[in-house]
Each structure stands twice: as C-alpha cells, then as structure tokens.
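> Please read through the structure below; I'll follow up with questions.
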Amino acid sequence: MDAAVDDLSHARYAEEGGFHAHACFSAQQAAEKAVKAVHYARGARAVLGHSVRNLIERLDPRVPSLDELLDDARELDLHYIPTRYPNGLEAWTPATGFGPRQAAAAIAGASAILTAARRHSSSG
Numbered sequence: 023m024d025a026a027v028d029d030l031s032h033a034r035y036a037e038e039g040g041f042h043a044h045a046c047f048s049a050q051q052a053a054e055k056a057v058k059a060v061h062y063a064r065g066a067r068a069v070l071g072h073s074v075r076n077l078i079e080r081l082d083p084r085v086p087s088l089d090e091l092l093d094d095a096r097e098l099d100l101h102y103i104p105t106r107y108p109n110g111l112e113a114w115t116p117a118t119g120f121g122p123r124q125a126a127a128a129i130a131g132a133s134a135i136l137t138a139a140r141r142h143s144s145s146g
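When you read off a place in the sequence shown, starting at 1, and then add 22, the result is the number in the numbering used here.
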C-alpha cells in the first residue's frame, strides 16, 4: 500500500507542476497498486495485470466498496498507455492530450480507490 500512497503523492505533485499526463499515469499506478495490495493481503502470491477494473473484478470474495468504483477504475485504465507514449494517441502527444481536468479526475478516482482498498489491506 505504501507504493500506492507514493504514486498518488507523485500524481498530485505532477498535477501541481502542470505535468498532466504524468499525473494521470501516476494516478493509474496508485489505483493499480492499491488493489493489488488487497489481493496480497488476501494471500495472493502473484497478481498480474495492469487493468484496475479487472483487478477489482478478480477479487474473491468481492469488495462492495471497490465494486462501486468500477467506473473510476475504467477511466484510470484509459491512462495506462497513452499518457506515456507519443504514439498512444493518434492526434496528440501525452503532453498535449491530457490537461488539468483529466489529471484532477484521475487523482480523484485513484484517491477513492486507495481509500476503499486501505480498508481491506493488512498494511492499510
């Protein structure tokens, strides 16, 4: 969970500096690591994949407070590749394709997922 907290802090720092694509990617990473922490707290040995939504859906038993955030997870998943690669978006580069609105929404979604995941992680 510590890595998720660090990534969320980095997302906020990047947003403040105007690095919106970096903020979006760090927010996605924060959410991914937070949900993986829940898997590990439940005894998982290896948790593969980067889709936050898929990671939430693979939790067994399901976590209702995370299920409520599947839309946020889906939005964060959209930031995994195009925020990092110039060819990830046909018409834009990461620096021009993501702005303050996207960064703020990504940070809010990741923050909600991290808060919910903390309640189900042993390192919460």
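In this text, a Cβ means the ideal position worked out from N, Cα and C, and glycines have one as well.
If distances are taken between C-alpha atoms only, which option among H44, V85 and E37 comes closest to I60?
Correcting the residue type first, residue 60 is Val in the shown sequence and not Ile. Comparing Cα-Cα distances from V60 to each of H44, V85 and E37, the minimum goes to V85.
> CA-CA distance, S87 and A138?
Rounded to whole angstroms, S87 and A138 show a C-alpha spacing of 6 angstroms.
> From what residue to what residue does the alpha helix (DSSP H) around D82 run?
Neither: D82 is in no alpha helix (DSSP H) and is coded neither H nor E.
> When the Cα of P108 is compared with those of A125, P116 and H101, which residue comes out closest?
Comparing Cα positions, the closest option is P116.
> Consult DSSP for N76 and reduce its assignment to one of helix, strand or coil.
helix
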